[in-house]
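**Q** Mapping to my numbering: the sequence shown position 206 is 200, numbers consecutive. Built from N, CA and C at the ideal position, the CB exists for glycine as well. Attaching a single structure in structure tokens format; questions to follow.
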Amino acid sequence: MPLPPAPSKRAALLAPDAYSLRAAEEPLDLHPSLEPSAPAAVAPATQPAPVGGRPNGRGSRKATAPEPAARAEVAPKAVPAAPARLPSPPPAVPEARQTRADVPLDANARVSPVASNRRRNAGKSASNGPARLFVLDTNVLLHDPMSLFRFEEHDIFLPMIVLEELDGHKKGMTEVARNGRQTSRTLDALVAQQGGDMTKGLKLSATGHQSARGLLFFQTEPLDNVLPASLPQGKADNQILGVVHALRDRHPQREVILVSKDINMRVKARALGLAAEDYQNDKTLDDGELLYAGALALPQDFWTRQSKTIESWQSGSHTFYRVSGPSVGQFYINQFVYFEAPGEPSLYARVTEIRDKTAVLKTLKDYTHLKNAVWGVTSRNREQNFALNLLMDPEIDFVTLAGTAGTGKTLMALASG
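The following block contains the structure:
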């Protein structure tokens, strides 16, 4: 059989009009089972063999390639190429079109992802359960006036006695008084934004705090509570415990938790079988021991190891030591090191230089002595002496002091300033 004439264009390229025409026909192909008869009836009358085979040239070659013997037997008859090539394209064309048409029309393919997402969301909400109800003690609001917005999706309940105590702490120039006034303004803004029936709760997000998705409830009616007779009923802490106990009995399906900064109150709550927690939202670390202490105790054999390599010199009233060894790897600039051992002289110094495996230590000024007092303020322990040495050094621009209340942080900072 003579080969058909070579196409004038490459089989891989299509004219723009032919491509747009084919794309327009495909969405209308809703019945793939009727396709095999349509191309067979139209193609011989309207298109010659080379043109008809061009759009599906790849499919035609794939269909006829496995049968070279069949084409050799038909060759002596000299039949035109068009009838010989027409039977092969129809089987390939419906398969390709059917595959493309079935994908967008498959309803299960679209519905199944939505159903799976709904199942995942339902499981997530079911695992969280109902929002917890936190009863705040007065000291929490006085400690952090923004604590109302720190409980995310959970609800908050304020007993009436808490509002009474807030009113008693709002006067003065102290930080506690300022926090009390700020809390009162926040509560007033929440009530003014929504108003209406307060028994249904106020949305905490009404003032712009979108992270707070819970509700704020006020005590609007007396609550029956059952507390031991040994607890004075007129005390504010015991009244709050009674409110927590009554809320737990009224809402058995919810977890009612007391939040207080008072250790004794939390102990009493747990003794009564009530859930109680400390307010820790303002803490960046759960364990205070993870904080950098700023001071390091030298090992007992420090001087023995440094006896052959240590260098020392004096500048003004300070003595400098250049040390080496494994301890240097634990040093930081401006870190304090101290050596205390019975029967041996003590050493209190600050790290001023670290280079390779050596470090330079500078002895400290003794602010425990009255002759070195700063505006009459002297240090009473090792840590206060460290702090005054930093605060009185003009070459150090920024000093941070961490400690519990009453350790002299503010007094030493004011005296040194």
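When DSSP labels each residue in this structure, what does residue 341 get in the three-state scheme?
**A** strand
**Q** Can you find a C-beta in chain D that's less than 8 angstroms from the C-beta of residue 369?
**A** Although the question refers to chain D, the structure presented lacks it and comprises just one protein chain.
**Q** Tell me residue 161's beta-bridge partners as DSSP assigns them.
**A** Beta-bridge pairing links residue 161 to no other residue.
**Q** Secondary structure at residue 305, three-state DSSP: helix, strand or coil?
**A** Judged by DSSP in its simplified three-state form, residue 305 adopts strand.
**Q** Of the residues 271, 192, 160 and 246, which one's Cα is nearest the Cα of residue 215?
**A** 192
**Q** Assign residue 423 to one of two classes, buried (16 or more other C-beta atoms within 10 Å of its C-beta) or exposed (fewer than that).
**A** Any answer about residue 423 is impossible in this case: the structure gives the chain only from -5 up to 411.
**Q** Considering only the alpha carbon of each residue, which of 344, 353, 350 and 172 lies closest to residue 360?
**A** 344
**Q** What three-state label does DSSP hand residue 365 in the structure shown?
**A** helix
**Q** Residues in its own chain within less than 7 angstroms of residue 243 by CB, not counting five upstream and five downstream?
**A** Around residue 243, the same chain offers no residue with a beta carbon nearer than 7 angstroms, after the five sequence neighbours per side are excluded.
**Q** Could you check what DSSP says for residue 318 in three-state terms: helix, strand or coil?
**A** strand
**Q** Our contact map puts residue 180 next to residue 225 with C-beta atoms below 8 angstroms; I'd like the distance itself, whole angstroms only.
**A** Not quite, the Cβ-Cβ distance comes to about 31 angstroms (not below 8 angstroms), so this is no contact.
**Q** Tell me the rounded alpha-carbon separation between residue 209 and residue 255.
**A** 22 angstroms
**Q** Using DSSP with H/G/I as helix, E/B as strand and the rest coil, what is residue 137?
**A** helix
**Q** Span of the beta strand (DSSP E) holding residue 217?
**A** From DSSP, residue 217 is part of no beta strand (DSSP E); its letter is neither H nor E.
**Q** Near residue 239, what residues of its chain come up, given a Cβ to Cβ distance below 8 angstroms and the 5 sequence neighbours on each side ignored?
**A** 219, 220, 221, 266 and 268
**Q** CB-CB under 8 angstroms to residue 395, same chain, minus the five flanking residues each way: which ones, in chain order?
**A** 381, 403, 406 and 407
**Q** Thinking residue 327 and residue 317 are a contact (beta carbons under 8 angstroms), I'd like their distance in whole angstroms, please.
**A** Contact flag wrong, Cβ pair sits at about 15 angstroms.
**Q** Taking the alpha-carbon of residue 172 as reference, which of 355, 136 and 131 has the nearest alpha-carbon?
**A** 136
**Q** Where residue 286 and residue 331 are concerned, what is the direct C-alpha to C-alpha distance, given to the nearest angstrom?
**A** 13 angstroms
**Q** Per DSSP, what kind of secondary structure is residue 410 in: helix, strand or coil?
**A** helix
**Q** If you count every other CB in all the chains shown that lies within 10 Å of the CB of residue 353, and 16 or more means buried, which is it?
**A** buried
**Q** Pick helix, strand or coil for residue 262, following the three-state DSSP scheme.
**A** helix
**Q** With DSSP run on the structure shown, which of helix, strand or coil describes residue 393?
**A** coil
**Q** Whose CA, out of 389, 371, 379 and 384, lies closest to the CA of residue 409?
**A** 371
**Q** Excluding sequence positions up to five away, which residues of its chain have a Cβ less than 6 angstroms from the Cβ of residue 237?
**A** 153 and 217
**Q** Within 10 Å of its beta-carbon, does residue 129 have 16 or more other beta-carbons around it, so buried, or fewer, so exposed?
**A** buried
**Q** Give me the Cβ distance between residue 315 and residue 306, rounded to the nearest whole Å; I'm assuming they're in contact under 8 angstroms.
**A** That belief holds up - the Cβ atoms of residue 315 and residue 306 are roughly 5 angstroms apart, short of 8 angstroms.
**Q** Thinking C-alpha only, which one of 138, 365, 198 and 375 is nearest residue 151?
**A** 198
**Q** Quick one: what's got a C-beta closer than 7 angstroms to residue 334's C-beta in the same chain, skipping five residues either side?
**A** 340
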